[in-house]
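Participant: Protein chains in written order, with my numbering: chain A, 3 to 403; chain B, 52 to 314.
Questions regarding the structure given below will be posed in turn.
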């Protein structure tokens, strides 16, 4: 069905999570092999778990012109946009292409629902929202993408993808289609999710939250640690930036199995993976590194480990980095895409933190400790509730199949 | 950009006043169609799922089922785009109220039904669809932005795509925020090529220029009463069978929709 994709240039990218704001901090924490998860100090009511909290979000203030967008999620978005020179790169693209020729396509699972939760905690005597909370734009899942579009002064297509934990991976596919069809010349992709009671108590109710630091692919893993993050990338045609790293392919598929557990044979996950390899025009053996979804739940990791064993040779290295960041939900796709891009840029494969007693299901592909080796092609897996699967393929500049 | 040209093969519609697209045509022809039962039938779902599914899922699945049936396509192979401005407003109200009162009492089922892609999840499970599925939103531009995304998939991948755009009515304090007083679901099956199933051809163009085509009553009022209300503009165009309309695609971008004759 799918055809070989013309690669796109990734002319800027950035991520901010518990392991640091900006790419340099992220790489340094990964190199130190130290988790930045901390005991839950976020929820209003005690909940015994570990979280990946971004330091300083409370101290971020939006520019006065954007004050109507104030909420934790948009503050984290603004913090993220201000790293790694990202704002300046988008501004240059805006001057080059025009504001209407750049799309904003962002993933989030809960956007600024934390602000809606707050509004419900302090309703007026008449049962309505307090005056300072009567801001309809932040009480909708599109809050993030609409805010970022306003902050970047862009006027092109603007869409939120909200497919739970695959959200900010799938936006790369939306961008590729729009650029290919000539609807736009560039796209800002990425995603932001922030800690909020909805996800902390929601995943807790589903008994998917570990009371300890999450341990992806460990034999004794017992759930996720929820984190928050912001990440962005700027995609353009490769002619404009032949030296930039590349989006080589993407894959999307549905499990058609269950709302909150993955297909036992990983059918949708493997369809997405095969779709990404086919678009990229590569064989599995050409993949140097896979950043796995690896959440730390019993079922996800079991299904994903089996798929890695089934598809890849031992020379393909694989790890989950959620032991560092926590599961940043709708933002995990972009955060892990930036880690895959850093693997290519720095020849650095992050070890699978938390896997001290590896599940015997895991094959020789797993990198349990940090490794240094050249990576030409890296994949990132993202799987969401509702059986929604995505896989991204990246390559260094000049890579040709 | 050149226009995105797609073919419509199926249309689904559900609102508290209209049970399907046929009843809209009847209404616009001067008839007074019988309103549907208050709960969308959503017969594509197995009976046990239908009992458990939240209102947003029933609404989306109902119109998706109508559109796919009209197209004659196999739902299992259709890529799908589910757009909704607000998701399930009844669940949002329940979750925020419960979290404010007693967070530890949050229902796990209501939580997993709260994800924006719940309708896409229930639909793909019920139809055994392993094709790509997505869930999107763009505030009051959700219909136009969803249509643009669906048309992009149709043309970039040269495959038929199911588009669903739906919003339930608001509850509790959120009603003041969302302004959704009437539910509305709309679905289209879009294809890249003309076939025996083609009902209409649409040419879609992005433009910053706003031209307003006024809707007849009661559609104009219904349009205001739902965050996906822009769908009424295209539904009315499809019922009329010729002409043009515009819908918001983003804050400063419009989607011009011109209906062509079937060549």
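Positions of the beta carbon are idealized from the N, C-alpha and C atoms, including for glycine.
So, helix, strand or coil for residue 226/A, using DSSP?
Facilitator: Residue numbering aside, residue 226/A sits at position 224 when the first chain is read from its first letter. Looking at residue 226/A - three-state DSSP - the assignment turns out to be strand.
Participant: Using beta carbons (cut-off 7 Å, strictly below), is residue 63/B in contact with chain A?
Facilitator: Walking along the second chain from the start, residue 63/B turns up at place 12. Chain A contact via Cβ: absent.
Participant: Apart from the five residues on each side of it in sequence, which residues of its chain come closer than 8 Å, Cβ to Cβ, to residue 37/A?
Facilitator: In the first chain, residue 37/A corresponds to position 35, counting from 1. Answer for residue 37/A: 215, 325, 326, 355, 356, listed in chain order.
Participant: Could one say the Cβ of residue 237/B lies closer than 7 Å to chain A's Cβ atoms, at least one of them?
Facilitator: In the second chain, the residue the question calls residue 237/B occupies position 186. Not an interface residue.
Participant: Which residues of the region 166 to 180 of chain A have a Cβ closer than 7 Å to any Cβ of chain B? Give them in chain order.
Facilitator: Here the close residues are 166, 172, 176, 179, 180.
Participant: Comparing the C-beta of residue 179/B with each C-beta of chain A, is any distance below 7 Å?
Facilitator: As a first step, residue 179/B is located in the second chain; it is residue number 128 there, counting from the start. So, interface residue.
Participant: Using 8 Å for Cβ pairs, my map puts residue 168/B next to residue 194/B. What's the rounded Cβ distance?
Facilitator: On the second chain, position 117 is the one that residue 168/B refers to. On the second chain, position 143 is the one that residue 194/B refers to. Not a contact, Cβ separation roughly 17 Å.
Participant: Can you give me the Cβ contacts of residue 299/A inside the same chain, cut-off strictly under 8 Å, excluding the 5 residues immediately before and after it?
Facilitator: In the first chain, counting from the first residue as 1, residue 299/A sits at position 297. Cβ neighbours of residue 299/A beyond the five flanking positions: 210, 223, 225, 226.
Participant: If we ignore side chains and look at the alpha-carbon of each, how far apart do residue 233/A and residue 257/A end up?
Facilitator: Mapped onto the first chain, residue 233/A falls at position 231. Mapped onto the first chain, residue 257/A falls at position 255. Residue 233/A and residue 257/A: Cα-Cα distance of roughly 26 Å.
Participant: Answer yes or no: do residue 164/A and residue 192/B have a C-beta to C-beta separation smaller than 7 Å?
Facilitator: Sequence index remark: in the first chain, residue 164/A carries index 162 (1-based). Sequence index remark: in the second chain, residue 192/B carries index 141 (1-based). For residue 164/A and residue 192/B, no; Cβs fall outside 7 Å.
Participant: Please name the residue, chosen from 71/A, 186/A, 83/A, that lies closest to residue 135/A on a Cα-to-Cα basis.
Facilitator: Here residue 135/A refers to the residue found at position 133 of the first chain. The shortest Cα separation from residue 135/A among 71/A, 186/A, 83/A belongs to 71/A.
Participant: Who are residue 274/B's beta bridge partners in DSSP?
Facilitator: As a position in the second chain, residue 274/B is number 223, starting the count at 1. Looking at the DSSP assignment, residue 274/B forms no beta bridge with any residue, so it has no partner.
Participant: Whose C-beta lies closer than 6 Å to the C-beta of residue 83/A among residues of the same chain, with five residues either side of it excluded?
Facilitator: Reading the first chain from its first residue, position 81 is the one you call residue 83/A. For residue 83/A, where only same-chain residues beyond five positions count, the Cβ hits under 6 Å are 89.
Participant: Within 7 Å (strictly less), CB to CB, does residue 293/B reach chain A?
Facilitator: Looking up residue 293/B in the second chain gives position 242. Not an interface residue.
Participant: Note down the Cα distance separating residue 119/B from residue 237/B, rounded to an integer number of angstroms.
Facilitator: In the second chain, the residue the question calls residue 119/B occupies position 68. In the second chain, the residue the question calls residue 237/B occupies position 186. Those two C-alpha atoms are separated by around 12 Å.
Participant: Does any residue of chain B bring its CB to less than 7 Å from the CB of residue 191/A?
Facilitator: Position 189 of the first chain, counted from the start, is the residue given in the question as residue 191/A. For residue 191/A, the answer is no, since every Cβ of chain B falls outside 7 Å of its Cβ.
Participant: Please list the partners that residue 119/A has in chain B, where partner means a Cβ-to-Cβ separation under 9 Å.
Facilitator: Counting from one through the first chain, the residue named residue 119/A turns up at place 117. Residues of chain B passing the Cβ test: 146, 147, 150, 151.
Participant: Exposed or buried, what is residue 321/A when buried is set at 16 or more other beta-carbons lying within 10 Å of its beta-carbon?
Facilitator: As a first step, residue 321/A must be located in the first chain, where it is residue number 319. Buried, because 16 or more other Cβ atoms sit within 10 Å of the Cβ of residue 321/A.
Participant: Which runs of the alpha helix (DSSP H) fall wholly inside the region 323 to 361 of chain A and span at least 4 residues, in chain order?
Facilitator: 324 to 327, 334 to 348, all fully within the region 323 to 361 of chain A.
Participant: Any Cβ of chain D within less than 7 Å of the Cβ of residue 190/B?
Facilitator: No chain D appears in this structure, whose protein chains are A and B.
Participant: Once the 5 residues before and after residue 352/A are set aside, which same chain residues still bring their CB inside 7 Å of it?
Facilitator: Walking along the first chain from the start, residue 352/A turns up at place 350. Correct list, in chain order: 32, 321, 323, 341, 372.
Participant: Under the rule that 16 or more other beta-carbon atoms within 10 Å means buried, what is residue 305/B, buried or exposed?
Facilitator: On the second chain, position 254 is the one that residue 305/B refers to. Looking at its Cβ environment, which holds 16 or more other Cβ atoms inside 10 Å, residue 305/B is buried.
Participant: List, in order along the chain, the chain B residues whose C-beta lies closer than 7 Å to that of residue 395/A?
Facilitator: Along the first chain, one-based indexing puts residue 395/A at 393. Under the 7 Å cutoff, chain B gives no residues; its nearest Cβ is about 16 Å from residue 395/A.
Participant: Look at the Cβ atom of residue 144/A, then the Cβ atom of residue 162/A, and state whether they are nearer than 7 Å.
Facilitator: Taking the first chain and counting its residues from 1, the one referred to as residue 144/A is at position 142. Taking the first chain and counting its residues from 1, the one referred to as residue 162/A is at position 160. For residue 144/A and residue 162/A, yes; Cβs fall inside 7 Å.
Participant: Hey, how far is the Cα of residue 95/A from the Cα of residue 157/B?
Facilitator: On the first chain, position 93 is the one that residue 95/A refers to. On the second chain, position 106 is the one that residue 157/B refers to. Whole-angstrom Cα-Cα distance: 45 Å.
Participant: Candidates 29/A, 53/A, 16/A: which alpha carbon is nearest residue 197/A's?
Facilitator: Looking up residue 197/A in the first chain gives position 195. Taking only the C-alpha atoms, the option nearest residue 197/A is 53/A.
Participant: Against residue 143/A, what residues of chain B qualify as contacts under a CB-to-CB distance less than 7 Å, listed in chain order?
Facilitator: In the first chain, counting from the first residue as 1, residue 143/A sits at position 141. The answer, in chain order, is 138, 167, 188.
Participant: Closer than 9 Å, Cβ to Cβ, to anything on chain B: give me those residues from the region 369 to 390 of chain A, in chain order.
Facilitator: The residues in question are 386, 387, 388, 389, 390.
Participant: Does the distance from the C-beta atom of residue 110/A to that of residue 192/A stay below 7 Å?
Facilitator: Counting from one through the first chain, the residue named residue 110/A turns up at place 108. Counting from one through the first chain, the residue named residue 192/A turns up at place 190. Cβ atoms of residue 110/A and residue 192/A: not closer than 7 Å.
Participant: In chain A, what lies closer than 9 Å to residue 199/B by C-beta?
Facilitator: Here residue 199/B is taken as the residue at index 148 of the second chain, counted from 1. Under the 9 Å cutoff, chain A gives 159, 161, 180, 185.
Participant: How many Å lie between residue 253/A and residue 226/B at the Cα?
Facilitator: In the first chain, the residue the question calls residue 253/A occupies position 251. In the second chain, the residue the question calls residue 226/B occupies position 175. Near 38 Å, if we compare the C-alpha coordinates of residue 226/B and residue 253/A.
Participant: Could you round the C-beta distance between residue 332/A and residue 73/A to whole angstroms and report it? I think they count as a contact, below 8 Å.
Facilitator: Along the first chain, one-based indexing puts residue 332/A at 330. Along the first chain, one-based indexing puts residue 73/A at 71. Their Cβ separation, rounded to whole angstroms, is 15 Å, which puts residue 332/A and residue 73/A out of contact at 8 Å.
Participant: Am I right that residue 205/A and residue 181/A are in contact with their C-beta atoms under 8 Å? What's the rounded C-beta distance?
Facilitator: Within the first chain, numbered from 1, the residue matching residue 205/A stands at position 203. Within the first chain, numbered from 1, the residue matching residue 181/A stands at position 179. With 8 Å as the limit, residue 205/A and residue 181/A do not qualify as a contact, their Cβ atoms being about 35 Å apart.
Participant: Just the Cα atoms here: how many angstroms apart are residue 295/B and residue 57/B?
Facilitator: If you number the second chain from 1, residue 295/B lands on position 244. If you number the second chain from 1, residue 57/B lands on position 6. If I take the Cα positions, the gap works out to 14 Å.
Participant: Indicate whether at least one CB of chain A lies closer than 7 Å to the CB of residue 255/B.
Facilitator: Numbered from 1 along the second chain, position 204 holds the residue referred to as residue 255/B. No, residue 255/B lies away from the interface with chain A (no Cβ there is under 7 Å from its Cβ).
Participant: Does any C-beta atom of chain A lie closer than 7 Å to the C-beta of residue 97/B?
Facilitator: If you number the second chain from 1, residue 97/B lands on position 46. No, no contact with chain A.
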